[in-house]
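Input: a single structure, listed below in structure tokens.
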Amino acid sequence: MEGYKSLKRNNAWLAWALAIGMLAYMLGAAIPGRTKVNETPGFTARATGVAVHADVIQAGATGPRVVDGEIAFSAVNANSDGFGGTSTQNEMQVNLQPNTLPFAGKQASARGGALELGLGSSVPTPAGDTLAETESEAVAPPNSPLVVKDAGPLPINPVAYASLLHTEALANYTETPCLSIASSPIAYGRGYAADAQLLDTSGSTTSGPLVNPVLATDDPRPNRNVSQTVTYLYSVPNSNTTGGQHYGLVTETHETFAPVTVLRMAPAPALIIEVLGEWIFKTTATGIPDNPATVGVNEAGSVQYYVVDDVSKQPVTPTTDVIRISADGGLTYTSLRFQDVFMNGGLVIPAAPLLSLAVGEDPRALAAPGVDPDPNSSPTINANGTGVSGAADVVRLSALSGIQPGFSLAGLRIGHFESALTVPSGGFTCSQAVTTTTTTAPTSSTTSTTLPGATTTTTLPGATTTTTLPGATTTTLRPTTTTSADPGRTTTTLRSTTSTSTPPPTPIPRPIRVQPNTVG
């Protein structure tokens, strides 16, 4: 009920924003110019996260895939030279760009999905081609408004059930990307699902929650039934000021989780996986070379992966439980602490093609779509700062994958993250096209011109996980691998790194409270 009240408050806020926007439109019409990144080629970016992905029986490289399900999905894309006509894909061969909006030639896109299901889909799959009740999509230019969709309760027995679904998407490219910040990003997507369930094996068609779902995130305890993923992209100034300030790119994906129950078929005990706290995957590509003389810091770029308490936003302690697994329906649990995952490499059992399991793996190389990830690989950080890419799964399980090209029996990912950034050498700069505004009055009309560089800042509702007050710092405790300008020099250090973020221009509303504190 509280979730509905929060959504109503959010909708009221959006209604006021719409009213103000309509008034501005009646008083004047602005014709935005197209932002230009001066360098050619310019930059590209894609990042995505999904709280839970599951697929069952893929017959070949192009499918069909019998079942494909996503719970709490978000994705952003950008290309300063314009998108091609084919969507980017994640490792699981799910399209990241909008399914219903044309994106070819656009320069930014975003997508948020709450509960998506495909049955018998071709591969790559447009997520939710069977069920996509709340899917928000946005492309730019021109700038999109904040696209928000809500639904619930959603009983579609025996296929799916959820008590509350919420998605958001925003793409912003007319205002210069060089001046974007975390709270006013180039692209932003959000997926939120409460009490999500997929595929009832009991055969019941009674309206309401499923009886024996194959997959469920519906813990009955209060405030333990929500999964959420938020992904956003923004620019960051680098130290190159020759000929004007230059910029790199940052992506962030934040995820919180409800306990995941697999194969609830009473009286057999179900598998329960709990991922505790807020997990963050952040990549930065600066466009400038690493300085080998600066020990322990990689100016070229970075991949950061860590866990914070999802209320205080402070890093958890090394002895904090961050993953709990029960094979007997919740009677007993095996726990992994922060130090087990982030200091000792987690648990990886490579037994492909029969079975492959990774729990709490280190950040690794981004795998090509449809290719099994290499848990022993490392993220890519170009020594000259022009490219950064990487991925991670909190939990990854695959069965009979690769015994024939394109075939797999089943796959499960809980807490999937991936990102890939490219920027020009030295970073990028922007030119803002002139914007002409025509104002109509009852007796006369005038034309005013906004000079290049004058921008409008759009403050993003819901981006609370990115807000840091002036003077506040964030700390990452993480074994960090960096590659320097010397191709043969790789250093691995365990350290606490502290960085100060840029404060947002205004306080940001919180339309929905994220998963409450689950660390402990």
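Oh and the sequence shown: position 478 is 478 in our numbering, straight run, nothing missing. Backbone N, C-alpha and C define an ideal beta-carbon position, used for all residues, glycine too. All of these numbers come straight from a predicted model, not from anything done at the bench.
Segment limits, alpha helix (DSSP H) that includes residue i
i	result
Val359	Counting along the chain, Val359 falls outside any alpha helix (DSSP H), though it belongs to the beta strand (DSSP E) covering 355-359.
Proximity of residue i and residue j at Cβ, strictly below 8 Å
i	j	result
Ala72	Ala193	yes
Pro155	Ser227	no
Leu146	Glu175	no
Pro379	Ala358	no
Asp195	Asn225	yes
Asn384	Pro292	no
Thr253	Gly112	no
Pro373	Gln93	no
Thr422	Thr86	no
Val388	Val275	no
Val214	Leu198	yes
Glu299	Ala47	no
Tyr247	Phe281	no
Thr231	Thr251	yes
Gly118	Phe407	no
Cβ shell of residue i (< 6 Å), same chain only, five flanking positions each side left out
i	result
Ser445	Because the pLDDT at Ser445 is just 31, under 50, the model does not fix this residue reliably, and the value given afterwards should be weighed accordingly. Same-chain partners within the cutoff: there are none.
Pro524	Because the chain spans 1 through 520 in this model, residue 524 falls outside it and cannot be assessed.
Pro126	Asn95, Asn99
Glu39	Pro424, Phe428
Ser335	Asp321, Arg324
Val66	Val56, Ile57
Ala108	Ala78, Ala140, Ala171, Tyr173, Ile186, Ala187
Thr261	Ala216, Ala270, Ile272
Gly191	Ala72, Phe73, Ser74, Gly112, Gly113, Ala114, Thr167, Thr229
Gly120	Pro64
Gly301	Thr284, Ala285, Thr286, Ile381, Gly385, Val388
Gly189	Ser74, Ala75, Val76, Ala110, Arg111, Gly112, Ala169, Thr231
Same chain only: Cβ atoms within 8 Å of residue i, ignoring 5 sequence neighbours per side
i	result
Glu277	A quick correction: the sequence has Gly, not Glu, at residue 277. Result list for Gly277: Thr256, Val307, Val308, Asp309, Asp310, Val316, Thr320, Val322, Thr518, Val519, in chain order.
Gly346	Leu336, Asp340, Ala358, Val359, Gly360, Glu361, Asp362
Ala367	Glu91, Pro373, Asp374, Ala391
Boundaries (first-last residue) of the beta strand (DSSP E) holding residue i
i	result
Val147	147-151
Val341	No beta strand (DSSP E) holds Val341; the alpha helix (DSSP H) holding it covers 338-342.
Phe417	408-422
His53	44-58
Gln197	196-200
Tyr161	160-162
Ser136	135-140
Local conformation of residue i per DSSP, three classes
i	result
Pro209	coil
Pro237	strand
Pro155	strand
Leu366	coil
Leu179	helix
Asn77	strand
Leu96	coil
Phe103	coil
Lys36	strand
His246	coil
Gly385	coil
Ala72	strand
Ile186	coil
Arg65	strand
Tyr173	coil
Ala114	strand
Ala346	The sequence as given places Gly at residue 346; Ala does not occur at that position. Coil, per DSSP.
Glu91	coil
Gly203	coil
Phe428	strand
Ser378	coil
Val123	coil
Leu23	Caution is warranted here: a pLDDT of 29 is assigned to Leu23, below 50, making its placement in the model unreliable, and no coordinate value can be reported.
Asp393	strand
Tyr192	strand
Val371	coil
Leu331	coil
Chain B within 8 Å of residue i, Cβ atoms only
i	result
Gly112	No chain B appears in the structure shown, which is made up of a single protein chain.
Neighbourhood of residue i by C-beta distance below 7 Å, restricted to the same chain and skipping five residues each side
i	result
Thr294	none
Trp279	Glu255, Val307, Val394, Gly415
Leu355	Ala399
Arg264	Asn212, Pro213, Ala216, Ala270
Hey, which unbroken runs of the beta strand (DSSP E) at 3 residues or more fall wholly within the segment 259-328? 260-262, 271-275, 278-285, 301-308, 321-326
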